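Here is the structure we will look at, set down as structure tokens.
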Amino acid sequence: MFEVIFLQFLNGLDKGAAYALIALGLTLVFGTLGVVNFAHGALFMLGAFCAVLFRQLITLETVTLDPTKLSPWGSPLEIREPLVQAWFGDFGAVLLNYSVLFSILLTIPVMLVVGIALERGIIKHFYKRPHAEQILVTFGLAIVAQELIKSFFGPNPIPQPMPTDLRGAADIGAFLGMQANVITYPIWRLIYFLFAAVIIGGVFAFLQFTTFGMVVRAGMADRETVGLLGINIDKRFTIMFGLAAVVAGMAGVMYTPLLPPNYHIGMDFLVLSFVVVVVGGMGSLPGAVAAGFLLGILQSFASMTQVKDLIPGIDQIIIYLVAVVILLVRPRGLLGRRGVMEA
Amino acid sequence: MTLLKRGLSRRRVLQTGLAGIIGTGVAPMIFTKGAWAQEFCNNPTGDTVTFGLNLPLTGAYAEEGADEQKAYELAIKHLNGEGDGGLLNVLQPSALKGNGILGKKVAFVSSDSQTKSDVARAGATRMIERDGAIMITGGSSSGEAIAVQGLCQEMGVIFMAGLTHSNDTTGKDKKRYGFRHFFNAYQSGIGLAPVLGQEYGMDRRAYHLTADYTWGWTQEESIKNATEAMGWNTVAAVRTPLGSTDYSQYLTPILNSGADVLILNHYGLDMVNSLTQAVQFGMRDRQANGKDFQIVTPLISELMAKGAGESVKGIFGTSNWHWNLQDAGTIAFTKSFGAAYGSPPSQAAHTAYVQALLYADAVERAGTFYPPEVIKALEGHEFDGMGNGATLYRAEDHQCIKNVLVVRGNESPTSEFDVLNVVQEVPRETVAYDPAIFGGELGPSEPVPMC
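Quick mapping for you: the protein sequence lines, in order, are chains A and B.
Numbering of the first sequence is given in full-length UniProt numbering, commencing with residue 1 and proceeding in unit increments.
Numbering of the second sequence is given in full-length UniProt numbering, commencing with residue 1 and proceeding in unit increments.
Here it is, written out as structure tokens:
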């Protein structure tokens, strides 16, 4: 039984990492700019499609016909060779194998530009408008982004291969000195968890230990006073929006080997992430991370056969059930600031 | 009584009545074939006849839908006398002439069913009511097929199902206006179980992950029945929502459940995701109960195998048809489809193409588009040459009875298409069954409902 619980716990951490990573950006934007950003899921999706685009670019092929061999339908066999391998040889093969990781290099600048353009172009005009209007405009932006991606890449998921040596499972049980082959977990999911931990830690460290972060935190607490000190807080908040877009985009890239992305992938995560933010406390970074992991773990345990036998369908509703309870009992969320979301 | 007093004899009454009948034009409707020709839904009056293609172009089964669309377009070309003729040249017996159907050119309209039953039904309604479709065909999910089949029965339009594998389609939900060429879950169980027993032994413990809708339920039941009958135990059967993407929460409980076989009752993208993730969880490298852990996908297609890549190697399943069979029909269809689209056809494409031809052939044999006559022409029809060996369109449940293929993921493919190997052709006598076991009523073909 211990193995089962341990595996479900690992699974919960893995799911929680994805939730926390998206919720982190969402709550960062709410905490700094006061904007409820329904386009945040679309930023996750755009990041995932940066990986798709990168792969499509490096898998452009030359096609030659081999008249000595025939296809099953009698035409000369097509020999396809990736251009990148023809140009770069062994490094081309490495580039193809690790395309997901290399695509982060494309994703960071793209998402930074997208984030800053979005904030300067549209979202800044809605800072002082009601949350309902912010939600409408950002939701509209998300739909526009989805339709653009759909028109370029089609409606169906596009699988992204994970590097060959990172496929399969790691024997965590043996690593911890337990019986071999009992507690195993997919390597890429462990990488995703570590990646999320590093990004979350990095964002916290950036906000906690840099002057830039200190000013941003001060602006989050009292924007007007910081402005009166002669600091251009708007500029810093714009950069924070760009940073949130980069975090969402990288989360999307790293998720592509686990889940083939389609234009709708961001919306699937957005709803869950909003629940995470509400449960954690709107605008609270530690709250978003804690709630992300908590809900991931709860969802994982709710999927156990023994639990589902007791309460059928619980795995599908557990997250929303928790959200309802939290909103009833503690409207500001687990670690939310007093007064936020409270009457 | 006054009339009789004037001497109106029985003969005179009959003569007057007959003259009246002829005079009012009723006579041609009694004495000529096709008298009912004006009285059915979307009776084609011009020089074209329209097929309604209901295809899942988005959603979990989108790849199958896209391949079905290619096949229908090819079939319509061949029916209209264009291209190389494809299977028109090998269908036996055949009334097809390559000049359309009953001299009318075949056209089509299509609708994206999104792999959703309600959308499929709405699309079929639109194609019948707005576009005048004489026949509805397509679909890649049994949920869609059953929903559309019910609609077609209500509207008096024949439905030639695409890929649907649930026992219910020609079982408890069968309809007089619905016909299925594809095989079903029961036949998969009968065909696959002996091969699994031979390969993996009779003492196995199976864990099922099942798509939570009609097809998944009947496949789970059929495979459980077939494997338990030869001595396997079922540890658990867990339902997963159709269109799930992350299966990790369902896979982790399997690792230490005591099971040594995972049976994935998933199809399309669901199966690609669940199989790939199961392999990522190291299931194929595990030992359980002193045996190598195995994964089985009872229904598998080359499209799924291609999507699953390395993960599918060595995995057993069943298929309705496969492009590398060596009969004349398969060779003709693969050549035709490959030349048109640059890839071999999937089993979804094959069944779609065959259904289009079988409908057209039935209309030609009936000499009319009147649905009850076309139904009679299809019921009990024996044919050959379409790639599945001799085939019977069984009258009792409208299920085609033909050979079933047991296939296995190719360990050493020679091309990107060479992903499955046929390991056994199970003869149709072995997979035939009593249609009464699944219940259901076909319902009437007449009076023909008017759409």
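Ideal Cβ positions, reconstructed from N, Cα and C, are used throughout, including at glycine.
No experiment lies behind these values; they were computed from the predicted model shown.
Contact set between residue i and chain B, taken where Cβ atoms lie within less than 9 Å
i: residue 99 of chain A; result: Within chain B, no residue comes near residue 99 of chain A; the closest Cβ sits about 15 Å away, beyond 9 Å.
i: residue 234 of chain A; result: None at all; the shortest Cβ gap to chain B is about 39 Å.
i: residue 4 of chain A; result: 252, 253, 255, 256 and 257
i: residue 75 of chain A; result: 338, 339 and 342
Counted within 10 angstroms of its Cβ, other Cβ atoms place residue i as buried (16 or more) or exposed
i: residue 12 of chain A; result: buried
i: residue 260 of chain B; result: buried
i: residue 146 of chain B; result: buried
i: residue 110 of chain B; result: buried
i: residue 31 of chain B; result: Below a pLDDT of 50, predicted positions are generally treated as unreliable, and residue 31 of chain B, at 41, falls in that range; no measurement from the model is reported.
i: residue 68 of chain A; result: exposed
i: residue 320 of chain A; result: exposed
i: residue 260 of chain A; result: buried
i: residue 45 of chain A; result: buried
i: residue 17 of chain A; result: buried
i: residue 361 of chain A; result: No statement about residue 361 of chain A is possible, as the shown extent of chain A runs from 1 to 343 and does not include it.
i: residue 99 of chain B; result: exposed
i: residue 175 of chain A; result: exposed
i: residue 306 of chain A; result: exposed
i: residue 301 of chain B; result: buried
Under 8 Å from the C-beta of residue i: neighbouring residues of chain B
i: residue 189 of chain A; result: 248 and 280
i: residue 315 of chain A; result: 249
i: residue 14 of chain A; result: 248
Within-7 Å CB hit, residue i to chain A
i: residue 306 of chain B; result: no
i: residue 334 of chain B; result: yes
i: residue 338 of chain B; result: yes
i: residue 437 of chain B; result: no
i: residue 344 of chain B; result: yes
i: residue 245 of chain B; result: yes
i: residue 256 of chain B; result: yes
i: residue 391 of chain B; result: no
i: residue 58 of chain B; result: yes
i: residue 236 of chain B; result: yes
i: residue 265 of chain B; result: no
Residue i and residue j closer than 7 Å at C-beta
i: residue 426 of chain B; j: residue 305 of chain B; result: no
i: residue 191 of chain B; j: residue 406 of chain B; result: yes
i: residue 108 of chain B; j: residue 51 of chain B; result: yes
i: residue 278 of chain A; j: residue 292 of chain A; result: no
i: residue 131 of chain A; j: residue 63 of chain A; result: no
i: residue 119 of chain A; j: residue 241 of chain A; result: yes
i: residue 182 of chain A; j: residue 173 of chain A; result: yes
i: residue 236 of chain B; j: residue 207 of chain B; result: yes
i: residue 431 of chain B; j: residue 404 of chain B; result: yes
i: residue 115 of chain B; j: residue 141 of chain B; result: yes
i: residue 162 of chain B; j: residue 123 of chain B; result: no
i: residue 371 of chain B; j: residue 86 of chain B; result: no
i: residue 179 of chain B; j: residue 398 of chain B; result: yes
i: residue 58 of chain B; j: residue 131 of chain B; result: no
i: residue 62 of chain B; j: residue 262 of chain A; result: no
i: residue 288 of chain A; j: residue 42 of chain A; result: no
i: residue 209 of chain B; j: residue 252 of chain B; result: no
i: residue 433 of chain B; j: residue 135 of chain B; result: no
i: residue 186 of chain A; j: residue 98 of chain A; result: no
Contacts that residue i makes with chain B (C-beta to C-beta distance below 7 Å)
i: residue 304 of chain A; result: 253
Neighbouring residues, chain A, relative to residue i (Cβ below 8 Å)
i: residue 286 of chain B; result: 181 and 184
i: residue 324 of chain B; result: 72
i: residue 62 of chain B; result: 155 and 156
Any C-beta of chain B under 7 Å from that of residue i
i: residue 410 of chain A; result: Nothing can be reported for residue 410 of chain A, as the shown portion of chain A is limited to 1 through 343.
i: residue 168 of chain A; result: yes
i: residue 61 of chain A; result: no
i: residue 147 of chain A; result: no
i: residue 81 of chain A; result: no
i: residue 285 of chain A; result: no
i: residue 300 of chain A; result: yes
i: residue 11 of chain A; result: yes
Interface residues of chain A facing residue i [CB-CB closer than 9 Å]
i: residue 357 of chain B; result: Those do not exist, as residue 357 of chain B stays about 19 Å from chain A at its closest Cβ, beyond 9 Å.
i: residue 269 of chain B; result: 156, 157 and 260
**Message:** Please give the ranges of any alpha helix (DSSP H) in the stretch 320-383 of chain B, keeping only runs that are unbroken, at least 4 residues long and fully inside the region.
**Reply:** 328-341, 347-366 and 371-378
**Asked** Which full runs of the beta strand (DSSP E) of 3+ residues lie inside the stretch 116-181 of chain A, going along the chain?
**Response** 169-171
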